[in-house]
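Below: one structure, written as structure tokens.
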Amino acid sequence: MELMPLRLPDIAPTLTDTEVLEFCQRGYLILAGVVAQETNERVNEFIHAHPYGSDDSGGFEDDKLLAEDWFVAEVILNPQAAGAVRSLLGASAALPTWMFNHRSTRPKPAQQWHRDGCSRYGHAVNHLQVFYYPQDTPLELGPTEVLPGSHFLFNLGPFMGHYGGIRGTASTAALAGTIFITAYPIWHRRGASTAEGVRNMLKYLYWRMVPPQRDWIVEPDFSLDDLNDLESALYGGKVHPAKDQFHHWHDVAQMFYWLAGKKDDFPNFLGTDRWPMGHPPRRQPRDFHTFPS
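Residue numbers (this note's numbering): 14 to 306.
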């Protein structure tokens, strides 16, 4: 059987301005139970029939599931998940070419905090890392934990592993069929598991193939030209204790502007070096950015 098509087909975006801004702020979004239970059961049966490796850390890392038309149609191109990918990566995004199953069957301590290899820090969103649970994954089975906003926190891998419980982390405990989409450099780890039972978690990537532009669902009352709109939206969001409030707002707004294809307009939003870096002027003064020659 041939491998799956390489590009996202003509799928409508599903995220709004507010939801894209929330992704920029948290670094992830969760789509609860979007895959049909019949498909989840079929995926679990397939995994059992195609084991990879002999220990409890694996599952498989190959293209067998990605060559199954039913899996592509119902998981990779799931309308809600693919619509979110379309919103963040634009049209014709490249589809996954590999997959890894993070499988666990027995109680284990929490994994070390890490961000995956080749992570790059910045405000561009050219890749999305996606996780899919084909079975119910309660806290007892050690679902993945993520650190909201950490896609903006630079740290070297060797200096992350010693952290234990970090204040403000979020569990992805979820029902079968849940897909969660993350910014690639987000900090994450497998949570501690306390129960016997199988936890499969499939992880795969999508890639951007077109320049960014604001072609998701545009809210008529959400104006990038109104400084108060974006600032008010950011005021309503939580800031992780590890981040400075205004630095975080600066990062979130800059990522949103990048995704909207307006990165060159971002200095005007902040007032370049004439205003505090993370706080746009609530009202533009007269002759804003107009200077005598």
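We put the CB at the ideal spot given by N, CA and C, even for glycine.
Review point. Across which residues does DSSP place K77 in a beta bridge pair?
Key: None, per the DSSP bridge assignment.
Point to revise | Entirely enclosed alpha helix (DSSP H) segments - the stretch 122–182, minimum 4 residues | key: Counting only runs that start and end inside the stretch 122–182, there is no alpha helix (DSSP H) element of at least 4 residues.
**Study point:** Spatially closest choice to R212 from Y146, G181, H136 and Y176, by CA coordinates
**Key:** Taking only the C-alpha atoms, the option nearest R212 is Y146.
Review point. Three or more beta-carbon pairs under 8 angstroms between the stretch 218–236 and the stretch 158–165, yes or no?
Key: The stretch 218–236, when compared against the stretch 158–165, does not touch it at the 8 angstroms Cβ threshold.
Review point. Which one of V138, T191 and W262 has the shortest CA to CA distance from K308?
Key: Lying before the first or after the last residue shown, residue 308 is absent from the chain, which here runs from 14 to 306.
Review point. Which residue's Cα is closest to the Cα of E87: V56, F165, N168 and L28?
Key: The option with the nearest alpha carbon to E87 is V56.
Practice item. Kindly indicate which three-state DSSP category N114 falls into: helix, strand or coil? Key: Note: N114 maps to strand in three-state DSSP.
Review point. Hey, would you say the C-beta of D23 is under 8 angstroms away from at least one heavy atom of the ligand COA?
Key: Within the structure as shown, the ligand COA is missing, as the structure has no ligands at all.
Point to revise | From W83, I43, H261 and V231, residue whose alpha carbon lies closest to that of A183 | key: Nearest C-alpha to A183: I43.
Review point. Which residues in the same chain have their Cβ closer than 7 angstroms to the Cβ of S67, if we skip the five residues on either side of it in sequence?
Key: Note on S67: pLDDT 46, under 50, position unreliable in the model; the coordinate value appears next. Closer than 7 angstroms at Cβ, skipping near neighbours: no residue.
Point to revise | Cα-Cα separation between D228 and S236, rounded to whole angstroms | key: If you draw a straight line from the Cα of D228 to the Cα of S236, it comes to about 14 angstroms.
Review point. Three-state secondary structure (DSSP) at R227?
Key: Of the three classes helix, strand and coil, the one that applies to R227 here is coil, per DSSP.
**Study point:** Segment contact flag, the stretch 93–100 with the stretch 18–34, C-beta cutoff 8 angstroms, min 3 pairs
**Key:** In this structure the stretch 93–100 lies against the stretch 18–34, because at least three pairs of beta carbons, one per stretch, are closer than 8 angstroms.
Check your understanding: For the beta strand (DSSP E) that contains T191, what are its first and last residues?
Key -> Where T191 is concerned, the enclosing beta strand (DSSP E) stretches over T191 to A196.
Check your understanding: If you draw a straight line from the C-alpha of W126 to the C-alpha of I60, how long is it?
Key -> Their backbone Cα atoms lie some 27 angstroms apart in a straight line.
Review point. Leaving out the 5 sequence neighbours to the left and right, which residues in its chain are closer than 6 angstroms to T185 when beta-carbon positions are compared?
Key: Excluding sequence neighbours, T185 sits near P156, T157 and F193.
**Study point:** Sheet register partners of I13 (DSSP bridge)
**Key:** Residue numbering for the chain in the displayed model covers 14 to 306; residue 13 lies beyond these limits and cannot be assessed.
Practice item. Report the option in F36, G46, N91 and Q267 whose CA atom is closest to the CA atom of D149. Key: Among F36, G46, N91 and Q267, the Cα nearest to that of D149 belongs to G46.
Check your understanding: By Cβ distance, which residues of its chain are closer than 8 angstroms to N308, with the 5 residues on each side in sequence left out?
Key -> Outside the shown range of the chain (14 to 306) lies residue 308, about which nothing can therefore be said.
Check your understanding: What number of angstroms, rounded off, separates the C-alpha of W262 from the C-alpha of R20?
Key -> Taking the straight line from one Cα to the other gives about 33 angstroms.
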